[in-house]
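*Asks:* Chains as they are written, first to last, in my numbering: chain A, 7 to 125; chain B, 173 to 816.
Beta carbons: idealized from backbone N, C-alpha and C, even for Gly.
Since we're looking at a predicted model, the values are computed, not measured.
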Amino acid sequence: MALSHNPARTARQMTEAIEEHGTEQAVCLYCGNTDPRRVRPRRIQNHHLFSEERDEATVLACLNCHAGAHDALQDAEVAMSSEKEPTKFARAIFRAFAVHFEILAKACWRFAKKMEEKK
Amino acid sequence: MIHDLYLRAHVVVHGGNDEKDDSARRPRSPKVWPDYALVWDTETTLDLQQRLNFGVWRFCQLQEREYVTIQEGLFYRDDLPSSDIETIRAYKPKGGFIQGDELEVLSRSAFVERVFWECVRAGALIVGYNLSFDISRIAVDWTAARNGGFSFVLSQLSERKLNNVHRPRIRIAPLNGVAEQFELTAVRRKNDKQRWRRGRFIDLHTLAFALTDDSYSLAGAINAFGSRPEKMEHEPTGCVTEKEITYARQDVEATLGLLNALKHEYELHPIALRPDKAYSPASIGKAYLRAMGIKEPMQKFADIPPKIHGIAMAAYFGGRAECRNRRWPMPVVPVDLTSEYPTVDALLGIWDLLTAERITIEDATEDIRALLAAVTLDDLFEPAFWKKLNFYTRILPEGDVLPVRSVYGSKSGTCNIGLNELYSKQPISVAGPDLVASLILSGHIPIVQEAFRIVPHGKQAGLQPTKLRGAISIDPTNEDFFTRVIEYRKQNKANDRLQYFLKILANSTSYGTYLELNPLKVDASKRPRISVYSGEHIFEQLVPETIEQPGSFYFPLLGALITSGGRLLLAMIERCVRDATGTYLCCDTDALTIVASKDGGWVELPDGTPPPLKHFHGRKSTRSHIDSTLFLHTITKLCRTFYA
Chain A
7 MALSHNPART ARQMTEAIEE HGTEQAVCLY CGNTDPRRVR PRRIQNHHLF
57 SEERDEATVL ACLNCHAGAH DALQDAEVAM SSEKEPTKFA RAIFRAFAVH
107 FEILAKACWR FAKKMEEKK
Chain B
173 MIHDLYLRAH VVVHGGNDEK DDSARRPRSP KVWPDYALVW DTETTLDLQQ
223 RLNFGVWRFC QLQEREYVTI QEGLFYRDDL PSSDIETIRA YKPKGGFIQG
273 DELEVLSRSA FVERVFWECV RAGALIVGYN LSFDISRIAV DWTAARNGGF
323 SFVLSQLSER KLNNVHRPRI RIAPLNGVAE QFELTAVRRK NDKQRWRRGR
373 FIDLHTLAFA LTDDSYSLAG AINAFGSRPE KMEHEPTGCV TEKEITYARQ
423 DVEATLGLLN ALKHEYELHP IALRPDKAYS PASIGKAYLR AMGIKEPMQK
473 FADIPPKIHG IAMAAYFGGR AECRNRRWPM PVVPVDLTSE YPTVDALLGI
523 WDLLTAERIT IEDATEDIRA LLAAVTLDDL FEPAFWKKLN FYTRILPEGD
573 VLPVRSVYGS KSGTCNIGLN ELYSKQPISV AGPDLVASLI LSGHIPIVQE
623 AFRIVPHGKQ AGLQPTKLRG AISIDPTNED FFTRVIEYRK QNKANDRLQY
673 FLKILANSTS YGTYLELNPL KVDASKRPRI SVYSGEHIFE QLVPETIEQP
723 GSFYFPLLGA LITSGGRLLL AMIERCVRDA TGTYLCCDTD ALTIVASKDG
773 GWVELPDGTP PPLKHFHGRK STRSHIDSTL FLHTITKLCR TFYA
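(1) When you compare only the Cα positions, how much space is there between A:E122 and A:L110?
(2) Compare the C-alpha of B:L224 against each of B:S279, B:K203, B:L179 and name the closest.
(3) With a CB to CB cut of under 7 Å and the five nearest residues on each side skipped, what residues in its chain are close to A:K112?
(4) Starting from the Cα of B:E414, find the closest Cα among B:E215, B:L730, B:T649 and give me that residue.
(5) Taking Cβ-Cβ distances shorter than 9 Å, what residues in chain A pair up with B:V287?
(6) Do the CB positions of B:A486 and B:S706 come within less than 8 Å of each other?
(7) Run through chain B and tell me which residues come within less than 7 Å of A:S57, C-beta to C-beta.
(8) With respect to the alpha helix (DSSP H) encompassing A:G74, which residues constitute its N-terminal and C-terminal limits?
(9) Have a look at B:A546 and B:T537 and give me their C-alpha separation to the nearest angstrom.
(10) If you measure beta-carbon to beta-carbon, which residues of the segment 89–101 of chain A are closer than 9 Å to chain B?
(11) Taking the straight line between their C-alpha atoms, what separation do you get for B:E708 and B:S281?
(12) Using beta carbons (cut-off 8 Å, strictly below), is A:T64 in contact with chain B?
(13) Counting C-beta neighbours from all protein chains within 10 Å, is the total for A:H53 16 or more, i.e. buried, or is it exposed?
(14) Return the chain-ordered list of same chain residues with a C-beta closer than 7 Å to the C-beta of B:D551, the five sequence neighbours on each side being excluded.
(15) Quick check: what's the CA-CA separation for B:L568 versus B:P618?
(16) Enumerate, from N- to C-terminal direction, the unbroken alpha helix (DSSP H) stretches of 4 or more residues contained entirely within the segment 670–695 of chain B.
(17) What is the DSSP secondary structure of B:C411, counted as helix, strand or coil?
(18) Do we get a CB-CB distance below 8 Å when we pair A:R18 with the residues of chain B?
(19) Compare the C-beta of B:A294 against all C-beta atoms of chain A and say whether one is closer than 8 Å.
(20) Output needed in chain order: residues of the segment 222–255 of chain B with a Cβ under 7 Å from some Cβ in chain E.
(21) Indicate the three-state DSSP secondary structure (helix, strand or coil) for B:D760 in the structure shown.
(22) Judging by CA-CA distance, which residue of B:C495, B:P506, B:P477, B:V516 is the nearest neighbour of B:T532?
(23) By the criterion of Cβ-Cβ separation under 8 Å, what are the contact partners of B:R370 in chain A?
(24) Against chain A, does B:E290 count as a neighbour if the rule is that its beta carbon must be under 8 Å from one of theirs?
(25) Using the DSSP secondary-structure output, state which residues sit across from B:L246 in a beta bridge.
(26) Skipping 5 residues on each side, what residues in its chain have a beta carbon closer than 8 Å to that of B:T718?
(27) Return the CA-CA distance between B:V185 and B:M470, expressed in angstroms with no decimal places.
(28) Using a Cβ-Cβ distance cut-off of 8 Å, determine whether A:V105 contacts chain B.
(29) Going by the beta-carbon positions, is the gap between B:M404 and B:P648 smaller than 8 Å?
(30) Quick check on the burial criterion: 16 or more other C-beta atoms within 10 angstroms. Buried or exposed for B:S195?
(31) Residues of chain A with CB under 8 Å from B:Y726, in chain order?
(32) Quick one: what's got a C-beta closer than 8 Å to B:D475's C-beta in the same chain, skipping five residues either side?
(33) Between the Cα of B:A493 and the Cα atoms of B:L246, B:T735, B:W205, B:G754, which residue gives the shortest distance?
(34) Would you call the segment 738–746 of chain B and the segment 505–513 of chain B touching, i.e. three or more CB-CB distances under 8 Å?
(35) Please look up how many angstroms separate the CB atoms of B:N497 and B:L179, rounded, as I've assumed it's under 8 Å.
(36) If you drop the 5 nearest sequence neighbours on each side, which residues of the same chain put their C-beta closer than 7 Å to that of B:F373?
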């Protein structure tokens, strides 16, 4: 597994993957994700785009993608607790939006590439 | 004078934690040295508060045999002035960075969340030198912990300043003068608890102490273990400057070098003990006993009734320490016993007892009475005779010179142990060597009511040879461990580190291990009943607030006998001095300081008192006109005397 920009987090994910699956090379059966860092028992969850405290808007995400989305939110300094100050609140909403669209964009690129490979 | 005697006791807890099988709750055994380590240090202000200024960390990965840095970073106090933050962000070292073009710079809260907790959950070693100080510097809140230490909060919810219940607290409790125990408290969500159990904290100060029995500064430890780089010469200013950051980075690099050096040293020992659990030389000693396959005596000899342990505990006293002459300078010759407790172990055959398949308690009342009637000082210089001394007795003291725990001075009100001529209407328990020591000092043959011997049978299964520090083979089945360790130490005088380790190993396994009792605070709502055994006294009561939890090799039958043997050796020296019409200044456990001039002859007292005075003063007689007025009836009655 390649080290991300946060090797401590990668180390934690590897440790968890090995502890939960006995191997670093666990494969998600449904989405085909071979990255074991976020593979957990298959379940679909509601992912609160802006954290539950700020807004009720949700999208469905598997545990893997859910964890990834929360990592990205954390990297973007979007805390799970809501802010009282309106400007800070708005900043968090915009950042969370950006994270959401970045993940979507990556998924779109990946789907497009897959389709090209099939040709 | 009438005194209350204070006796130690053996305690059995009914329905306490020690009777629960918690093996199911324990996580899988992790690697001795995990794959990752977080080495870090903090720099603080120099005022009384010592607030965090900034810190440096290195995230390291184990590559082959050493931890290698894969990321380095800085963090700063959340409310550090912006100018100081700019200084940190603008920092560019001359030698460049380990990875990339810049250091990872985070606020304290971001460091805790993105690095510290991630490392804890990754099972990485959290490494520091005097780690508890650094943890307290990055804490945002604290409370006093039940076990006498502190509980530190590292994470709070950002806006509300509420403690984050999804992150554990770090509980730090002192274990001894050097080591602390680090624990993570439970988190709110049950599913997350397992992940936090991976947290492993290692204070290199403690590890260096466990390996050497010395308390080093960082620079001292680096010097002792020859690690590189050395600590930078710099006096901290409490400010945030480029030089201060360079110094902090160098400190962390030096700490990493020391970690690797200690790891190499630790790996010489063929023991399964995790380094973060090595709190003292005794931890290493116990790990060696386990490596030789020695089973924990309380489990192996479970058929020994608790009453017998109660008799041993009632007869247990620590090393003898007293001052006999004071307030006058006088010439002395110190006499020191080589490896006293290992020697006593070898003489009393403690290894045979420890490695026996089973032991039995056999009545020996007549045998002991006959032995006491015939024993002489010369007999005690025959090593084989000592094998007869592994017994306990119940006697009626009639002026026997015995160790007594009592409150001697009304001012302090604390208990002390003194060697006294004791009279008692109630019988007391005494270990064999103490009884013989009394006999050679007082000449009085004790009135023995009852006596029993400890008899070993066979050798336990599963004993296996090991190599001490990877160099010296020892076979626990056919060799006396204590004798061999003392002999190997003598043979390896040229190898400083090895012979010093052998000394530490011999001392750490020879006595304290068998009487290890750790204070433990008991939850007031869950106080079980306990049975208390002390000599002939047995009673039940509720557990008090604090209970002494036995260590894994706790076995008072051995421990009380060993310290008793140490006091017999001192008594032998005292008797020899007395027979030569001399006296001693003081004694402490394994050493006695004899009053004697360099060239022999009488030692004159500074107040001009002419010799000769009385040859020997009984323990009751007043020894000093000063002390007789200050300390009536105390055991430290002193004398003006003289010596050849």
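*Replies:* Let me spell this out:
(1) Stepping through the first sequence from its first residue, residue 122 of chain A is reached at position 116. Stepping through the first sequence from its first residue, residue 110 of chain A is reached at position 104. So the two alpha carbons sit approximately 18 Å from each other.
(2) Taking the first residue of the second sequence as position 1, residue 224 of chain B is located at position 52. Out of B:S279, B:K203, B:L179, B:S279 has the C-alpha closest to the C-alpha of B:L224.
(3) Counting from 1 along the first sequence, the entry for residue 112 of chain A is found at position 106. Around A:K112: no qualifying Cβ.
(4) If you number the second sequence from 1, residue 414 of chain B lands on position 242. Looking at the Cα atoms, B:E215 is the closest of the given residues.
(5) On the second sequence, position 115 is the one that residue 287 of chain B refers to. Neighbours of B:V287 on chain A, chain order: N12, A14, R15.
(6) Within the second sequence, the letter at position 314 stands for residue 486 of chain B. Within the second sequence, the letter at position 534 stands for residue 706 of chain B. One thing to note: B:A486 has its Cβ within 8 Å of the Cβ of B:S706.
(7) Against the first sequence, residue 57 of chain A aligns to sequence position 51. Near A:S57 there are no residues of chain B at all, since even the closest Cβ is about 12 Å away, more than 7 Å.
(8) The residue labelled residue 74 of chain A in the question sits at position 68 within the first sequence. Where A:G74 is concerned, the enclosing alpha helix (DSSP H) stretches over 69–81.
(9) By one-based count along the second sequence, residue 546 of chain B stands at place 374. By one-based count along the second sequence, residue 537 of chain B stands at place 365. Approximately 15 Å, taken between the alpha carbons.
(10) Listed by position along the chain: E89, K90, E91, K94.
(11) Locating residue 708 of chain B in the second sequence gives position 536, where the first residue counts as 1. Locating residue 281 of chain B in the second sequence gives position 109, where the first residue counts as 1. Straight-line Cα distance between these residues: approximately 59 Å.
(12) Sequence index remark: in the first sequence, residue 64 of chain A carries index 58 (1-based). Not closer than 8 Å to any Cβ of chain B, the Cβ of A:T64 fails to qualify, so no.
(13) Reading the first sequence from its first residue, position 47 is the one you call residue 53 of chain A. With 16 or more Cβ atoms within 10 Å of its Cβ, A:H53 is classed as buried.
(14) As a first step, residue 551 of chain B is located in the second sequence; it is residue number 379 there, counting from the start. Within the same chain, F557 come within 7 Å of B:D551 by CB-CB distance, once the 5 residues on both sides are set aside.
(15) Your numbering for residue 568 of chain B matches position 396 in the second sequence. Your numbering for residue 618 of chain B matches position 446 in the second sequence. Approximately 7 Å between the Cα atoms of the pair.
(16) List check, alpha helix (DSSP H) in window: nothing returned.
(17) Reading the second sequence from its first residue, position 239 is the one you call residue 411 of chain B. It is coil, neither helix nor strand.
(18) Taking the first sequence and counting its residues from 1, the one referred to as residue 18 of chain A is at position 12. It does; some Cβ of chain B falls within 8 Å.
(19) As a working mapping, residue 294 of chain B is identified with position 122 in the second sequence. It does; some Cβ of chain A falls within 8 Å.
(20) Here chain E cannot be found, since the structure's protein chains are A and B.
(21) Against the second sequence, residue 760 of chain B aligns to sequence position 588. Reduced to three states, the DSSP call for B:D760 is strand.
(22) Numbered from its first residue, the second sequence carries residue 532 of chain B at position 360. B:T532 has its Cα closest to that of B:P477, out of B:C495, B:P506, B:P477, B:V516.
(23) In the second sequence, residue 370 of chain B corresponds to position 198, counting from 1. Under the 8 Å cutoff, chain A gives T21.
(24) Taking the second sequence and counting its residues from 1, one reaches residue 290 of chain B at position 118. Output row for B:E290: interface = yes.
(25) Residue 246 of chain B sits at position 74 when you count from the first residue of the second sequence. B:V228, B:V277.
(26) Position 546 of the second sequence, counted from the start, is the residue given in the question as residue 718 of chain B. Contacts found: P691, L692, K693, V694.
(27) As a first step, residue 185 of chain B must be located in the second sequence, where it is residue number 13. As a first step, residue 470 of chain B must be located in the second sequence, where it is residue number 298. So the alpha carbons of these two residues sit roughly 14 Å apart.
(28) As a first step, residue 105 of chain A is located in the first sequence; it is residue number 99 there, counting from the start. By this cut-off, A:V105 is not an interface position.
(29) Against the second sequence, residue 404 of chain B aligns to sequence position 232. Against the second sequence, residue 648 of chain B aligns to sequence position 476. No, the Cβ-Cβ distance between B:M404 and B:P648 is not below 8 Å.
(30) By one-based count along the second sequence, residue 195 of chain B stands at place 23. Confidence at B:S195 is low in this model, with a pLDDT of 43, below 50, so its placement is unreliable and no value can be given for it.
(31) The count along the second sequence starts at 1 and reaches residue 726 of chain B at position 554. None at all; the shortest Cβ gap to chain A is about 34 Å.
(32) Residue numbering aside, residue 475 of chain B sits at position 303 when the second sequence is read from its first letter. Closer than 8 Å at the Cβ level, and outside the excluded window around B:D475, lie R530.
(33) Here residue 493 of chain B refers to the residue found at position 321 when the second sequence is read from its first residue. With distances taken between Cα atoms, B:A493 lies closest to B:T735.
(34) yes
(35) For the purposes of this step, residue 497 of chain B is taken as residue 325 along the second sequence, with counting starting at 1. For the purposes of this step, residue 179 of chain B is taken as residue 7 along the second sequence, with counting starting at 1. 30 Å between Cβ atoms; not a contact.
(36) As a first step, residue 373 of chain B must be located in the second sequence, where it is residue number 201. Same-chain partners within the cutoff: I298, L303, F354, D448.
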